[in-house]
Amino acid sequence: LAINWLPADGHAFRLGYSHGASVLGLYANNTDIKLTINGVRYDQRYLSVEEVDPETINSIELGYLFSKPQWGLNLDVRAFHNRINGIVASQTISVPDAFNNKAKSYHNETDATQSGLEYQLRWRTGPKSWLARSQSWVSSDSAPDEKMALSVPLHTLSVLAAHEVSGFDVSLGYYHTDHFLWQGG
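The numbering used here applies: residue 311 is where the sequence shown begins, and numbers increase by one.
Here you go:
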């Protein structure tokens, strides 16, 4: 759901709310991956043992769009707040098998919130050239699992320049991401 206000040519404000849910339940709730040798379970890799609820996200944003085609300029800015519920993760469980008596199982682990500000500025410097710059600042909270919050970089920056040469697009980019921790495999 979004409400847009166009106060003047080239300017647009928006207020939006969205809700989404994952469809991974079919997989996560019915997983039975194992290695059998002559009909005997040697190693159980994954096994569903509990009902997993879909991950959901509720997001609200306030945005501004400035577009001036005669200048070749486009600026999109937004402030946002996301609430993510029921993040699905895997955990180790005990199962009887001939290898190690362990398997992975999916479960709903934690909730998280993210708030931030981001923008993208694109400037067409000529008929065959353009520059783009984008930045984001995001804070994240996922108590009690602080590792989840550390998986979101606090700041990102990208700068990209492109130019067409003899029918080929040539580009040069710079990308920076603050320190963060990879989650999962």
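In this text, a Cβ means the ideal position worked out from N, Cα and C, and glycines have one as well.
Under a three-way DSSP split, which group does residue 419 fall into?
Here residue 419 is taken as the residue at index 109 of the sequence shown, counted from 1. Note: residue 419 maps to strand in three-state DSSP.
In chain order, what are the residue ranges of uninterrupted alpha helix (DSSP H) at least 4 long that sit wholly in the region 318–388?
Fully enclosed alpha helix (DSSP H) runs of 4 or longer: 335–338.
Give me, in chain order, the residues of the same chain whose beta-carbon lies closer than 7 Å to that of residue 471; leave out the 5 immediate sequence neighbours on both sides.
Within the sequence shown, residue 471 is the residue found at index 161, counting from 1. Closer than 7 Å at the Cβ level, and outside the excluded window around residue 471, lie 441, 481 and 482.
Short check: CB of residue 389 to CB of residue 427, under 8 Å?
In the sequence shown, counting from the first residue as 1, residue 389 sits at position 79. In the sequence shown, counting from the first residue as 1, residue 427 sits at position 117. In contact: residue 389 and residue 427 (Cβ atoms closer than 8 Å).
Since I believe residue 341 is in contact with residue 416 (beta carbons under 8 Å), could you give me their beta-carbon distance rounded to a whole number of angstroms?
Position 106 of the sequence shown, counting from 1, holds the residue named residue 416. Position 31 of the sequence shown, counting from 1, holds the residue named residue 341. The Cβ separation is near 7 Å, so the contact holds.
Give every residue of the same chain whose Cβ lies closer than 7 Å to the Cβ of residue 495, excluding the five residues on either side of it in the sequence, and list them in chain order.
Walking along the sequence shown from the start, residue 495 turns up at place 185. Because residue 495 carries a pLDDT of 49, less than 50, the predicted location of this residue cannot be relied on, and no value is offered for it.
Would you mind reading off the limits of the beta strand (DSSP E) that contains residue 545?
There is no way to answer for residue 545, as the model of the chain reaches only from 311 to 495.
Within 10 Å of its beta-carbon, does residue 380 have 16 or more other beta-carbons around it, so buried, or fewer, so exposed?
Residue numbering aside, residue 380 sits at position 70 when the sequence shown is read from its first letter. Residue 380 should be labelled exposed.
Excluding sequence positions up to five away, which residues of its chain have a Cβ less than 6 Å from the Cβ of residue 393?
Within the sequence shown, the letter at position 83 stands for residue 393. Answer for residue 393: 368 and 423, listed in chain order.
Once DSSP output is grouped into helix, strand and coil, what is the label at residue 412?
Start at 1 with the first residue of the sequence shown, and residue 412 comes out as number 102. Looking at residue 412 - three-state DSSP - the assignment turns out to be strand.
Identify the continuous beta strand (DSSP E) that holds residue 445 and give its terminal residues.
The sequence position of residue 445 within the sequence shown is 135, counting from 1. First-last of the beta strand (DSSP E) with residue 445: 439–451.
For residue 495, does the three-state DSSP call read helix, strand or coil?
Locating residue 495 in the sequence shown gives position 185, counting from the first residue. Confidence is the limiting factor: at residue 495 the pLDDT is only 49, short of 50, which leaves the residue's position unreliable, though a coordinate-based value still follows. Looking at residue 495 - three-state DSSP - the assignment turns out to be coil, as it is neither helix nor strand.
Report yes if the C-beta distance between residue 414 and residue 356 is below 8 Å; otherwise report no.
Working through the sequence shown from its first residue, we reach residue 414 at position 104. Working through the sequence shown from its first residue, we reach residue 356 at position 46. In contact: residue 414 and residue 356 (Cβ atoms closer than 8 Å).
By the 10 Å Cβ neighbour count, where 16 or more other Cβ atoms means buried, how is residue 476 classified, buried or exposed?
Taking the sequence shown and counting its residues from 1, one reaches residue 476 at position 166. Under this definition residue 476 is an exposed residue.
When the distance is taken between beta carbons, is residue 350 closer than 8 Å to residue 399?
Taking the first residue of the sequence shown as position 1, residue 399 is located at position 89. Taking the first residue of the sequence shown as position 1, residue 350 is located at position 40. Not a contact, by the Cβ cut-off of 8 Å.
Using the DSSP secondary-structure output, state which residues sit across from residue 483 in a beta bridge.
By 1-based counting over the sequence shown, the position of residue 483 is 173. DSSP lists 470 as partners of residue 483.
Determine the direct distance from the alpha carbon of residue 365 to that of residue 331, and round the result to whole angstroms.
Position 21 of the sequence shown holds residue 331. Position 55 of the sequence shown holds residue 365. Using only the alpha carbons, I get a separation of about 6 Å.
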